[in-house]
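Worksheet: the structure to be examined is printed underneath.
In this note's numbering, the protein residues as written are 187 to 287.
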């Protein structure tokens, strides 16, 4: 997949060049905040990090390389993923591809 051909890849930086796919974790924050108050936001991010950690172990066990991505254009990805309609926001991403030697 070429970075300039995909709308989503334009919203990230260099690690996506050569990636086979992009895995996105999104969360609806309202239930977390309703249950845990201000800590709910933090808990949602912690769960996304644990999720990404497990996926990285699985993918790397299969011989694939992964790059965790935390810096991205939230608004652009909300638009691509339809988050404005569902209330879900992107919280974490993994670029997955061939491992570089």
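A virtual CB, placed ideally from N, CA and C, is assigned to each residue, including glycine.
Residue i (DSSP reduced to helix, strand or coil)
{"i": "residue 224", "result": "coil"}
{"i": "residue 262", "result": "helix"}
{"i": "residue 277", "result": "strand"}
{"i": "residue 219", "result": "helix"}
{"i": "residue 235", "result": "helix"}
{"i": "residue 286", "result": "coil"}
{"i": "residue 249", "result": "coil"}
Own chain partners of residue i with C-beta closer than 7 Å, once the 5 adjacent residues on each side are dropped
{"i": "residue 230", "result": "213, 215, 218, 277"}
{"i": "residue 249", "result": "285"}
{"i": "residue 207", "result": "282"}
{"i": "residue 251", "result": "283, 284, 285, 286"}
{"i": "residue 238", "result": "211, 254, 278, 280"}
{"i": "residue 261", "result": "none"}
Cβ neighbour criterion (16 or more within 10 Å) applied to residue i
{"i": "residue 255", "result": "buried"}
{"i": "residue 268", "result": "exposed"}
{"i": "residue 224", "result": "exposed"}
{"i": "residue 280", "result": "buried"}
{"i": "residue 220", "result": "exposed"}
{"i": "residue 234", "result": "buried"}
Sequence-distant residues of the same chain with beta carbon closer than 6 Å to residue i, five excluded per side
{"i": "residue 273", "result": "214"}
{"i": "residue 245", "result": "252, 282"}
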